[in-house]
Amino acid sequence: MSHKDIKTRIKAFIGKHFQYELKPDEDIFSLGFVNSLFAMQLVTFVESEFDITVEDEDLELDNFRTVNAIDSLVQKKLSG
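Rendered as structure tokens:
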């Protein structure tokens with residue numbers, strides 16, 4: 001799966017919740033889009049959409065701050 005495919009899916013998921021054209025390097029936390037419930041929904045989405053397991057050590061804000069960061073996490077999990 002390409003970076004572009006992963007980023008498109010992530011942006012589509014976030015876009016369903018927030019009417020905003022998110023750039024791949026924009027911090028969704030600093031933009032105020034994320035509360036604790038949405039953070040858990042995002043983790044659940046990533047696990048189910050990409051068939052990976054997000055481990056406790058992966059649950060760092062930096063892994064979920066931007067579309068690019070989430071893409072990097074997914075790529076790492078898919079290749080590892």
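Position 66 of the sequence shown, counted from 1, bears residue number 66 in the numbering used here, the numbering being contiguous throughout. Here a beta-carbon is modelled for each residue, glycine too, at the ideal position from N, C-alpha and C.
In the same chain as L78, and ignoring 5 residues on each side of it, the C-beta atoms closer than 8 Å to its own belong to M1, F50, I52, in chain order. Scanning D27, M40, R9, Y20 for the CA closest to the CA of L59 turns up M40. Shown here for K11: same chain residues with a beta carbon closer than 7 Å to its own, the five before and five after excluded, namely L22, V67 in chain order.
Around the beta carbon of L42, 16 or more other beta carbons lie within 10 angstroms, which makes this residue buried.
Inclusion of D71 and K4 in the CB contact set at 7 Å is not warranted, their separation being larger than that value.
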